[in-house]
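Asker: Pasting a structure below so you can have a look.
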Amino acid sequence: MADPILSVRDLHTQFHGREGIVRAVDGVDFDVFEGRTLGVVGESGCGKSVTARSILGIVDRPGRVMGGQILLRPQGGGPPVDLATLPQAAMRRIRGPEIALVFQEPMASFSQHYTIGNQITEAILLHMGLGKRAARARAIELLDMVGVPQPDRRIDEYPFQLSGGLRQRVMIAMALACDPRVLIADEPTTALDVTTQAQILDLLRDLQQKRGLAIILITHDMGVIAEMAHDVAVMYLGRAVETGPVQDIFNRPRHPYTRALLRSIPTVMARPRTRLPTIEGSIPHPFDRPRGCAYHPRCSEKLGAVCETHEPPPIDTEHRQVRCFLHGGIPGAPPGTQP
Amino acid sequence: MSGSDIILDVRGLKKHFPIRRGLLRRLSGQVRAVDGVSFSIRRGETLALVGESGCGKTTAARCILRAIPPSAGAVNFTIDGRTVDLATLPRRQLRPLRRHMQMVFQDPYSSLNPRMVVGDIIGEPLLINGMANRAERRARVTQLMELVQLPSAYFNRFPHAFSGGQRQRIGIARALALNPGLIVADEPVSALDVSVQAQILNLMLDLQDRLGLTYLFVAHDLSVVKHVSDRVAVMYVGRIVELAETETLYRRPLHPYTEALLSAAPTPVPGAISSRIVLEREIADPANPPPGCPFHPRCRYATDMCRSEVPQLQEVEPGRWVSCHRAGELGLAGVG
Numbered sequence: 017m018a019d020p021i022l023s024v025r026d027l028h029t030q031f032h033g034r035e036g037i038v039r040a041v042d043g044v045d046f047d048v049f050e051g052r053t054l055g056v057v058g059e060s061g062c063g064k065s066v067t068a069r070s071i072l073g074i075v076d077r078p079g080r081v082m083g084g085q086i087l088l089r090p091q092g093g094g095p096p097v098d099l100a101t102l103p104q105a106a107m108r109r110i111r112g113p114e115i116a117l118v119f120q121e122p123m124a125s126f127s128q129h130y131t132i133g134n135q136i137t138e139a140i141l142l143h144m145g146l147g148k149r150a151a152r153a154r155a156i157e158l159l160d161m162v163g164v165p166q167p168d169r170r171i172d173e174y175p176f177q178l179s180g181g182l183r184q185r186v187m188i189a190m191a192l193a194c195d196p197r198v199l200i201a202d203e204p205t206t207a208l209d210v211t212t213q214a215q216i217l218d219l220l221r222d223l224q225q226k227r228g229l230a231i232i233l234i235t236h237d238m239g240v241i242a243e244m245a246h247d248v249a250v251m252y253l254g255r256a257v258e259t260g261p262v263q264d265i266f267n268r269p270r271h272p273y274t275r276a277l278l279r280s281i282p283t284v285m286a287r288p289r290t291r292l293p294t295i296e297g298s299i300p301h302p303f304d305r306p307r308g309c310a311y312h313p314r315c316s317e318k319l320g321a322v323c324e325t326h327e328p329p330p331i332d333t334e335h336r337q338v339r340c341f342l343h344g345g346i347p348g349a350p351p352g353t354q355p
Numbered sequence: 528m529s530g531s532d533i534i535l536d537v538r539g540l541k542k543h544f545p546i547r548r549g550l551l552r553r554l555s556g557q558v559r560a561v562d563g564v565s566f567s568i569r570r571g572e573t574l575a576l577v578g579e580s581g582c583g584k585t586t587a588a589r590c591i592l593r594a595i596p597p598s599a600g601a602v603n604f605t606i607d608g609r610t611v612d613l614a615t616l617p618r619r620q621l622r623p624l625r626r627h628m629q630m631v632f633q634d635p636y637s638s639l640n641p642r643m644v645v646g647d648i649i650g651e652p653l654l655i656n657g658m659a660n661r662a663e664r665r666a667r668v669t670q671l672m673e674l675v676q677l678p679s680a681y682f683n684r685f686p687h688a689f690s691g692g693q694r695q696r697i698g699i700a701r702a703l704a705l706n707p708g709l710i711v712a713d714e715p716v717s718a719l720d721v722s723v724q725a726q727i728l729n730l731m732l733d734l735q736d737r738l739g740l741t742y743l744f745v746a747h748d749l750s751v752v753k754h755v756s757d758r759v760a761v762m763y764v765g766r767i768v769e770l771a772e773t774e775t776l777y778r779r780p781l782h783p784y785t786e787a788l789l790s791a792a793p794t795p796v797p798g799a800i801s802s803r804i805v806l807e808r809e810i811a812d813p814a815n816p817p818p819g820c821p822f823h824p825r826c827r828y829a830t831d832m833c834r835s836e837v838p839q840l841q842e843v844e845p846g847r848w849v850s851c852h853r854a855g856e857l858g859l860a861g862v863g
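Chains A and B supply the protein sequences, listed in that same order.
Going left to right, the first sequence walks through residues 17 to 355 as this note's numbering numbers them.
Going left to right, the second sequence walks through residues 528 to 863 as this note's numbering numbers them.
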């Protein structure tokens with residue numbers, strides 16, 4: 017495989033508040049490749065959205081990136097740029113032309129006072145050095161590309177005049193305005209109906225094929241991951257507990273959380289009225305992050321005291337990484353004698 | 528289906544919201560949110576009402592409970608051997624019946640009063656319905672908390688101290704306080720995390736077995752619905768387009784909209800989507816539905832008849848209802 021466009025290494029993002037420190041992202045590693053989709057999956061509070069915001073340098077206060085690297089490989093070669101240490105002015109040249117973001121709630125992410133045309137052309141005028149007329153033509157072209165019907169008419173409408181599905185298409189058009197290499201889509205279909213979701217996922221796949229986009233798809237929905245992702249990072253309380261190719265993650269999950277999560281998903285294939293296996297307890301509040309492996313209070317495969325006291329290190333095998341003592345890393349144990 | 532074991536029988540239920548425009552608020556149209564819905568529920572079963580946003584499923588549920596008055600139709604509710612039409616009953620006579628039908632809401636964050644402790648939230652329906660004795664009430668609340676697997680030590684805590692799943696347990700305990708026959712659950716798990724969703728679904732199944740509850744389960748997620756319901760009614764733009772036993776409906780759908788919904792449901796199996804049907808365009812506007820079958824502009828099987836004549840919901844096999852001119856001749860794809 018070629019070099020990744022974007023590599024995240026040991027990323028730490030924390031929120032320092034009056035009540036304590038929330039380690040929202042607490043050591044996350046992954047790679048994103050051209051033309052491939054990395055699915056980042058996890059439940060609420062796992063840090064998936066904060067990871068996305070950290071990459072773009074738009075973490076809300078009082079949050080801050082406290083450590084780690086976000087390495088972007090420049091187009092046409094050269095040494096990677098670490099976005100985690102880049103000054104704000106330079107970050108502005110990254111957001112849009114290099115990495116763009118699609119939010120979950122298209123209604124909340126648009127201004128209600130400007131037409132969609134105004135909002136799309138803003139980025140084009142800022143970054144691409146086109147004149148007003150050319151920018152408008154480019155915006156119409158973008159709307160057409162994302163499947164907005166009658167783009168030359170729609171461009172003068174306001175966000176509230178559009179349906180949820182159309183708003184999400186416009187949001188994608190806006191993200192693609194400056195031809196980014198990486199698209200981060202944060203729960204892009206969660207607010208949409210299933211039939212509309214299917215349309216938007218189709219669109220993302222299509223755009224990826226045509227433009228070689230690298231996509232980071234953030235979602236809580238394992239069904240969407242199975243459908244869209246080439247590679248998967250499963251997150252729990254700020255950590256990527258397991259990463260690997262999609263087939264491996266679904267067919268041979270190694271982390272007990274991934275296994276339990278996959279078992280507990282309702283599917284249309286199930287026999288009617290069958291009870292699902294559950295994961296005990298609930299996700300701890302970020303202030304009460306359990307010691308040791310954060311998943312141990314809910315884990316059905318816990319090994320014992322080591323899980324309560326030590327954080328499992330990342331264990332790498334071919335293309336895959338897992339953080340669980342079941343697969344090694346027990347402190348003090350000689351290699352080869354571990355379970 | 529014999530008449531005696533029917534707890535709820537809905538006939539021709541309609542809810543139209545007026546659209547008023549201009550200075551004089553003149554009537555300029557109607558949103559036909561619910562436009563002639565009929566079904567019945569047997570005692571002890573779960574009927575799911577499914578559809579996408581704007582299909583009228585929540586409005587229908589609220590009309591059934593008379594949270595809002597229906598525009599037309601009958602809602603025959605049978606309790607203690609007596610049948611009453613909730614749609615037309617005067618408010619005063621409705622009140623004593625409310626204890627028999629309760630609601631579980633979607634959002635466990637906004638449906639619990641943040642200023643009341645859990646014990647009082649669950650006990651409030653008891654107080655309102657005349658259980659004045661404090662100790663008696665406390666005993667019943669403790670029993671209810673056990674029923675939904677909440678430690679009774681949490682009696683004096685406020686809702687903010689609980690996770691989404693625990694809050695939903697509180698909401699369920701409150702709904703069960705007065706031993707209702709019918710529970711209307713509107714998207715009860717869609718705001719929950721996946722790992723908690725399964726806990727609440729299992730709890731609802733267990734409670735149904737133990738207490739003989741009847742559920743009207745309103746949801747958009749066909750995967751969730753498969754796990755809880757005996758029968759499923761699919762709604763589109765204010766009408767039921769198909770109603771059948773769960774297994775039959777999923778395996779062999781008869782309405783093209785059901786087929787498309789099933790096909791669009793994401794499955795946690797990589798590489799399983801080769802044959803997905805992606806519907807074109809968007810859901811019809813209930814204020815201005817297209818002529819003929821409301822689904823025809825999105826339907827890949829539509830003929831001229833579909834564009835001009837409105838299909839009626841018909842029983843095509845025992846217990847199988849479908850509203851499609853071409854029902855039976857299409858051989859649609861199901862799942863499972």
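Note that beta-carbon positions come from the ideal geometry of N, C-alpha and C, so glycine has one too.
Which residues of the region 561 to 585 of chain B have a Cβ closer than 7 Å to any Cβ of chain A? Give them in chain order.
Answerer: Those residues of the region 561 to 585 of chain B that come within reach of chain A (Cβ to Cβ, closer than 7 Å) are Glu579, Ser580.
Asker: Could you check where the beta strand (DSSP E) with methionine 628/B kicks off and where it finishes?
Answerer: Residue mapping note: residue 628/B aligns to position 101 of the second sequence, counting from 1. 628 to 631 is the span of the beta strand (DSSP E), which, as asked, contains methionine 628/B.
Asker: When the Cα of serine 567/B is compared with those of Gln676/B, Gly846/B, Val862/B, which residue comes out closest?
Answerer: Within the second sequence, the letter at position 40 stands for residue 567/B. If we check each option's Cα against that of serine 567/B, Gly846/B comes out closest.
Asker: Using the three-state DSSP reduction, which class does aspartate 733/B fall into: helix, strand or coil?
Answerer: Against the second sequence, residue 733/B aligns to sequence position 206. Three-state DSSP puts aspartate 733/B in a helix.
Asker: Would you mind giving the Cβ-Cβ distance between leucine 732/B and alanine 700/B, rounded to the nearest angstrom? I have them listed as a contact below 8 Å.
Answerer: Within the second sequence, the letter at position 205 stands for residue 732/B. Within the second sequence, the letter at position 173 stands for residue 700/B. Not confirmed; about 16 Å, so no contact.
Asker: Along the chain, which unbroken stretches of the beta strand (DSSP E) at least 3 residues long are found entirely within the region 626 to 671 of chain B?
Answerer: Runs found: 628 to 631.
Asker: Between the alpha carbons of serine 125/A and phenylalanine 119/A, how many angstroms are there, rounded?
Answerer: For the purposes of this step, residue 125/A is identified with residue 109 of the first sequence, where counting begins at 1. For the purposes of this step, residue 119/A is identified with residue 103 of the first sequence, where counting begins at 1. If I take the Cα positions, the gap works out to 7 Å.
Asker: How close, in whole Å, do the beta carbons of valine 745/B and leucine 535/B come, if the pair is a contact with beta carbons under 8 Å?
Answerer: The residue labelled residue 745/B in the question sits at position 218 within the second sequence. The residue labelled residue 535/B in the question sits at position 8 within the second sequence. 13 Å between Cβ atoms; not a contact.
Asker: So is serine 790/B buried or exposed if we call it buried at 16+ other beta carbons inside 10 Å?
Answerer: Numbered from its first residue, the second sequence carries residue 790/B at position 263. Its Cβ being crowded by 16 or more others within 10 Å, serine 790/B is buried.
Asker: Counting only C-beta atoms, is arginine 307/A closer than 7 Å to chain B at any point?
Answerer: The sequence position of residue 307/A within the first sequence is 291, counting from 1. No, its Cβ sits nowhere closer than 7 Å to a Cβ of chain B.
Asker: From the DSSP output, in three-state form, read off leucine 54/A for me.
Answerer: If you number the first sequence from 1, residue 54/A lands on position 38. In this structure, leucine 54/A counts as strand in the three-state DSSP scheme.
Asker: Curious, which full-length beta strand (DSSP E) runs of at least 3 residues does the region 711 to 795 of chain B contain?
Answerer: Counting only runs of 3 or more, we get 741 to 746, 758 to 763, 766 to 772.
Asker: Can you check whether the C-beta of serine 298/A is within less than 7 Å of a C-beta belonging to chain B?
Answerer: Working through the first sequence from its first residue, we reach residue 298/A at position 282. Answer yes: the Cβ-Cβ gap between serine 298/A and chain B drops below 7 Å somewhere.
Asker: 7 Å is my cut-off, CB to CB: does proline 302/A come that close to chain B?
Answerer: Here residue 302/A refers to the residue found at position 286 when the first sequence is read from its first residue. Not one chain B Cβ lies under 7 Å of proline 302/A.
Asker: Would alanine 242/A count as contacting chain B if we go by Cβ distances under 7 Å?
Answerer: The count along the first sequence starts at 1 and reaches residue 242/A at position 226. It does: the Cβ of alanine 242/A has a partner Cβ on chain B nearer than 7 Å.
Asker: Secondary structure at leucine 540/B, three-state DSSP: helix, strand or coil?
Answerer: Within the second sequence, residue 540/B is the residue found at index 13, counting from 1. It is a strand residue.
Asker: Determine the contact status of leucine 87/A and proline 96/A, defining contact as a CB-CB distance below 7 Å.
Answerer: Taking the first residue of the first sequence as 1, we reach residue 87/A at position 71. Taking the first residue of the first sequence as 1, we reach residue 96/A at position 80. Yes, the Cβ-Cβ distance between leucine 87/A and proline 96/A is below 7 Å.
Asker: Any beta carbon from chain A within less than 7 Å of aspartate 736/B's own beta carbon?
Answerer: For this step, residue 736/B is matched to residue 209 along the second sequence. Closer than 7 Å: no.
Asker: Taking 7 Å as the CB-CB limit, is glycine 163/A close to chain B?
Answerer: Position 147 of the first sequence holds residue 163/A. It does not; no Cβ of chain B falls within 7 Å.
Asker: Nearest to serine 637/B by CA position, among His687/B, Pro597/B, Thr775/B, is which residue?
Answerer: Taking the first residue of the second sequence as position 1, residue 637/B is located at position 110. For serine 637/B, the nearest C-alpha among the options comes from His687/B.
Asker: For serine 529/B, would you say it is in contact with chain A, using Cβ-to-Cβ distances shorter than 7 Å as the test?
Answerer: The residue given as residue 529/B occupies position 2 in the second sequence. Residue confidence is low: serine 529/B scores 46 on pLDDT, short of 50, so the model does not pin down where it sits. Its coordinate-derived value is still stated next. No, serine 529/B lies away from the interface with chain A (no Cβ there is under 7 Å from its Cβ).
Asker: If I'm right that isoleucine 810/B touches glycine 581/B with Cβ under 8 Å, what's the distance once you round it to whole angstroms?
Answerer: Numbered from 1 along the second sequence, position 283 holds the residue referred to as residue 810/B. Numbered from 1 along the second sequence, position 54 holds the residue referred to as residue 581/B. Contact flag correct, Cβ pair sits at about 6 Å.
Asker: Out of Asp76/A, Asp168/A, His343/A, point me to the one whose CA is closest to isoleucine 156/A's CA.
Answerer: The residue you call residue 156/A lines up with position 140 of the first sequence. That would be Asp168/A, whose Cα lies nearest to the Cα of isoleucine 156/A.
Asker: So if DSSP puts glycine 83/A in a beta bridge, which residue, or which two residues, is it bridged to?
Answerer: Reading the first sequence from its first residue, position 67 is the one you call residue 83/A. In DSSP, glycine 83/A forms a bridge with His28/A.
Asker: Which of the three DSSP states is assigned to glycine 855/B in this structure?
Answerer: Here residue 855/B corresponds to residue number 328 of the second sequence, with the count starting at 1. Residue state, collapsed to three classes: coil.
Asker: Applying the criterion that 16 or more other CB atoms from any shown protein chain within 10 Å of the CB defines a buried residue, is proline 20/A buried or exposed?
Answerer: Indexing the first sequence from 1 puts residue 20/A at position 4. By the 10 Å Cβ count, proline 20/A comes out buried.
Asker: Checking 7 Å against the spacing of the C-beta atoms, do valine 602/B and valine 537/B come in under that value?
Answerer: The residue labelled residue 602/B in the question sits at position 75 within the second sequence. The residue labelled residue 537/B in the question sits at position 10 within the second sequence. Cβ distance < 7 Å, so valine 602/B and valine 537/B count as in contact.
Asker: For chain B, is any of its Cβ atoms less than 7 Å away from the one on histidine 335/A?
Answerer: Here residue 335/A refers to the residue found at position 319 when the first sequence is read from its first residue. So, not an interface residue.
Asker: Using the Cβ count rule (16 or more neighbours within 10 Å means buried), how would you classify aspartate 172/A?
Answerer: Here residue 172/A refers to the residue found at position 156 of the first sequence. Under this definition aspartate 172/A is an exposed residue.
Asker: Could you check which residue in Val338/A, Ala201/A, Pro300/A has the C-alpha nearest to that of phenylalanine 689/B?
Answerer: What you label residue 689/B is simply residue 162 of the second sequence in a count that begins at 1. Ranking Val338/A, Ala201/A, Pro300/A by Cα distance to phenylalanine 689/B puts Pro300/A first.
Asker: If contacts are defined as beta-carbon pairs under 8 Å, then leucine 27/A and valine 44/A qualify, I think. What distance do you get, rounded to the angstrom?
Answerer: In the first sequence, the residue the question calls residue 27/A occupies position 11. In the first sequence, the residue the question calls residue 44/A occupies position 28. Confirmed, Cβ separation roughly 5 Å.
Asker: Check alanine 860/B in the structure and name its three-state DSSP category.
Answerer: Start at 1 with the first residue of the second sequence, and residue 860/B comes out as number 333. In this structure, alanine 860/B counts as coil in the three-state DSSP scheme.
Asker: How should leucine 170/A be labelled, buried or exposed, when 16 other C-beta atoms within 10 angstroms of its C-beta is the threshold for buried?
Answerer: Residue 170/A sits at position 154 when you count from the first residue of the first sequence. The question names leucine, but residue 170/A in the sequence shown is arginine. Flag for arginine 170/A reads buried.
Asker: Using only the alpha-carbon positions, how far apart do isoleucine 710/B and threonine 586/B sit?
Answerer: To locate residue 710/B, count along the second sequence from 1; it is residue 183. To locate residue 586/B, count along the second sequence from 1; it is residue 59. So the alpha carbons of these two residues sit roughly 16 Å apart.
Asker: Hey, quick one: how far does the beta strand (DSSP E) through alanine 599/B stretch, first residue to last?
Answerer: For this step, residue 599/B is matched to residue 72 along the second sequence. Looking at the DSSP string, the run of the beta strand (DSSP E) that includes alanine 599/B is 599 to 606.
Asker: Tell me where the beta strand (DSSP E) around serine 179/A begins and ends.
Answerer: As a position in the first sequence, residue 179/A is number 163, starting the count at 1. No beta strand (DSSP E) contains serine 179/A, which DSSP labels as neither H nor E.
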